[in-house]
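Counting from 1 along the sequence shown, just add 233 to a position and that's the residue number in the working numbering. Beta carbons are placed, not taken as given, at the ideal position from N, Cα and C, and that holds for glycine. The structure under discussion appears below in the form of structure tokens.
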Amino acid sequence: MATAKIKKGDTVKVITGKDKGKEGKVVSVSAGKVVVEGVNTVVKHTKASQANPQGGIIHKDAPIDVSNVMYVHKGKTTRVGFTVKDGKKVRVAKSTGEVID
Numbered sequence: 234m235a236t237a238k239i240k241k242g243d244t245v246k247v248i249t250g251k252d253k254g255k256e257g258k259v260v261s262v263s264a265g266k267v268v269v270e271g272v273n274t275v276v277k278h279t280k281a282s283q284a285n286p287q288g289g290i291i292h293k294d295a296p297i298d299v300s301n302v303m304y305v306h307k308g309k310t311t312r313v314g315f316t317v318k319d320g321k322k323v324r325v326a327k328s329t330g331e332v333i334d
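Here's what the structure looks like:
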């Protein structure tokens with residue numbers, strides 16, 4: 234599998250869909266989907282259980298496809314590329330050429 238261009242903890246901006254324009258921090262990444270805090274919030278009705286004795290309505294962030302988000306570098310969106318620096322593969326912001334991490 235290819236190296237992920239978006240990682241947990243990155244700040245991203247939604248570029249398409251109902252939450253277009255929203256920014257947030259990536260909470261988790263898996264199988265081409267990302268969960269961004271405050272984005273794609275869904276309402277889930279839960280039954281009362283041992284863990285949640287009250288039950289009721291829960292607001293939860295649902296996964297969004299990684300192709301619908303863009304990395305934010307210094308306040309602007311940019312594509313992410315890879316390059317080899319000192320024998321290590323590192324992520325690079327395409328707009329500036331700067332190493333991200």
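Reduced DSSP category for Ser261 - H, G, I as helix; E, B as strand; rest coil: strand
Quick one: what's got a C-beta closer than 6 Å to Lys327's C-beta in the same chain, skipping five residues either side? Thr311, Arg312 and Gly314
Does the distance from the C-beta atom of Thr249 to that of Asn285 stay below 8 Å? 8 Å or more divides the Cβ of Thr249 from the Cβ of Asn285.
Is the beta carbon of Val272 sitting closer than 8 Å to the one on Asp294? yes
Taking Cβ positions, are Gly265 and Thr279 nearer each other than 8 Å? no
Short check: CB of Glu256 to CB of Val305, under 8 Å? yes
Can you round the beta-carbon distance between Val317 and Val325 to whole angstroms, since I take them to be within the 8 Å contact cut? About 10 Å separates the two Cβ atoms, so there is no contact after all.
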